[in-house]
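Working notes, beginning with the structure itself.
The structure is reproduced here in structure tokens:
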């Protein structure tokens, strides 16, 4: 059974931001402190109409799909988060972590996570906790780890 021990890192992310937290308290009185944070780049708005493709034979035209800029920016943030965690892990800054993110973001993190980080994950919570207080995050994570 895992517990929210001193020094355990808690990664809280959604499609717009990610926070890297460390428990500076103990298992009875967790005290999460923010170590670092990332925000997704501003969404690039494209005011142009979608492009068109002309078929090689005939007069047919097809519209190209408009890129999902919010999804692309969220994926960039996940890549940046994993790069930062990789550097911190290589420097010995942490040994274990818990990741809390909504299902879509958690899936993107799982898909891109290198093996060196994967072995450090104690638990994954498919919850959006970015708008919770530090005490609220600590309570939810501690309950999930104990249960």
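Residue numbers (our numbering): 66 to 212.
Glycine included, every Cβ here is placed at the ideal spot set by N, Cα and C.
Exposure label - residue i; buried when at least 16 CB within 10 Å
i, result
"residue 168", "exposed"
"residue 80", "buried"
"residue 179", "exposed"
"residue 87", "buried"
"residue 200", "exposed"
"residue 67", "exposed"
"residue 122", "exposed"
Those residues which DSSP pairs with residue i across a bridge
i, result
"residue 102", "84"
"residue 189", "164"
"residue 76", "85, 164"
"residue 97", "88"
Beta carbon of residue i nearer than 8 Å to that of residue j
i, j, result
"residue 194", "residue 151", "no"
"residue 170", "residue 190", "no"
"residue 97", "residue 209", "no"
"residue 173", "residue 140", "yes"
is_contact[residue i, chain C] using C-beta, thresh 8 Å
i, result
"residue 190", "Absent from the structure: chain C. Only one protein chain is present."
Minimum C-alpha distance to residue i - residue among the options
i, options, result
"residue 105", "89, 204, 196, 135", "135"
"residue 143", "67, 84, 98, 186", "84"
"residue 102", "89, 192, 138, 76", "76"
"residue 89", "78, 72, 146", "72"
"residue 177", "186, 163, 147", "147"
"residue 196", "69, 78, 70, 74", "78"
"residue 185", "160, 92, 192, 100", "160"
Reduced DSSP category for residue i - H, G, I as helix; E, B as strand; rest coil
i, result
"residue 69", "coil"
"residue 194", "coil"
"residue 172", "helix"
"residue 136", "helix"
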